[in-house]
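Whatever position you read off the sequence shown (first residue = 1), add 2 for the numbering used here.
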Amino acid sequence: MVVGRDDGKADRWWRRPYVLPDAEHLAFLVPLGQDVALCEWLRPFREALRASDDLELVPEPALHLLVHGVGPAPAADASTVRALVVAAEDLLARVSPVQARVVGPRVLQNGVAVDLAPVAGLAAIRTAVRSAIDVVLGGVRYSDGGPWPCVLLADAVARVPDHAVVESLVQVVPAPAPIVLIDAVELVRMGREGAGTVWTTVARLAVGGGR
3 MVVGRDDGKA DRWWRRPYVL PDAEHLAFLV PLGQDVALCE WLRPFREALR
53 ASDDLELVPE PALHLLVHGV GPAPAADAST VRALVVAAED LLARVSPVQA
103 RVVGPRVLQN GVAVDLAPVA GLAAIRTAVR SAIDVVLGGV RYSDGGPWPC
153 VLLADAVARV PDHAVVESLV QVVPAPAPIV LIDAVELVRM GREGAGTVWT
203 TVARLAVGGG R
């Protein structure tokens, strides 16, 4: 379950005492907030979640698939960032773009999310990104625990969402799920703004070399 802190908030990295409010992290992600078909399909679910006091709705422009984090942005100088871009560009060019299906949503321990499939194609993209990080930084240890690949719609504030949240999602009769084209990954400087992730793009890297 989500670990509560003294202030009643869930134990998320951006809420921890040692993380400054304006802290930035480098990360590789796929922005999805501009995908019109996906956002339209998600809106009935997002509206169903809006009434819950246990959830913070992720703003639509902040919807994304996190591929992998790199680390605190201040720890990476310009040459390191450039090396990450070059390595990731090369390795992502060797894998294929993915026509991802949207599955869900489902209630997780840390909120509500939709899954993307097929996992194998998306995992190849993540492996390319991880390999790029290893090439530049070396000795990186990875954990595959937790749900992935998923897009967080709402973040649990203090505890696992209750039965009412599940019921509200069940009541939604969605249109056929859209297909999401994953043909690029962005290296970003990521921060927090309320329940949403905000970022500045460092580089946009084509999957499959733009083919």
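Beta carbons: idealized from backbone N, C-alpha and C, even for Gly. Treat the numbers as computed from the prediction; the structure is a model and nothing was measured.
Return the chain-ordered list of same chain residues with a C-beta closer than 6 Å to the C-beta of residue i, the five sequence neighbours on each side being excluded.
i	result
Cys41	Glu62
Ser54	Val167
Ala39	Pro180
If you drop the 5 nearest sequence neighbours on each side, which residues of the same chain put their C-beta closer than 8 Å to that of residue i?
i	result
Leu155	Leu44, Phe47, Arg48, Leu51, Leu59, Val60, Leu65, Pro107, Gly113, Val114, Ala115 and Val116
Val105	Val116, Asp117, Leu118, Ala119 and Ala179
Ser98	Gly123, Ala126, Val209 and Gly210
Gln173	Ala50
Please say whether residue j and residue i have beta carbons closer to each other than 8 Å?
i	j	result
Ala208	Leu189	no
Phe30	Val131	yes
Ile181	Arg103	yes
Gly193	Ala25	yes
Leu67	Val153	yes
Can you tell me the Cα-Cα spacing of residue i and residue j, whole angstroms?
i	j	result
Leu93	Leu86	11 Å
Gly141	Val159	34 Å
Val32	Ala80	22 Å
Gln111	Trp150	13 Å
Ser133	Ala95	13 Å
Glu169	Ile135	41 Å
Val83	Leu139	10 Å
Val109	Glu91	34 Å
Asp157	Leu171	15 Å
Ala186	Val100	10 Å
Gly35	Glu195	15 Å
Tell me, to the nearest whole angstrom, how far the beta carbon of residue i is from that of residue j; I am working on the premise that it is less than 8 Å.
i	j	result
Leu57	Val200	Actually they do not touch by this definition, with Cβ atoms about 19 Å apart.
Arg128	Leu28	Incorrect: roughly 16 Å between the Cβ atoms, too far for contact.
Once you ignore the five residues that flank residue i on each side, which residues in its own chain have a CB closer than 7 Å to its CB?
i	result
Thr203	Glu188 and Val190
Ala75	Glu26, His27, Leu28 and Arg191
Tyr144	Arg132
Is the region 166-180 close to the region 64-79, with three or more CB pairs under 8 Å? no
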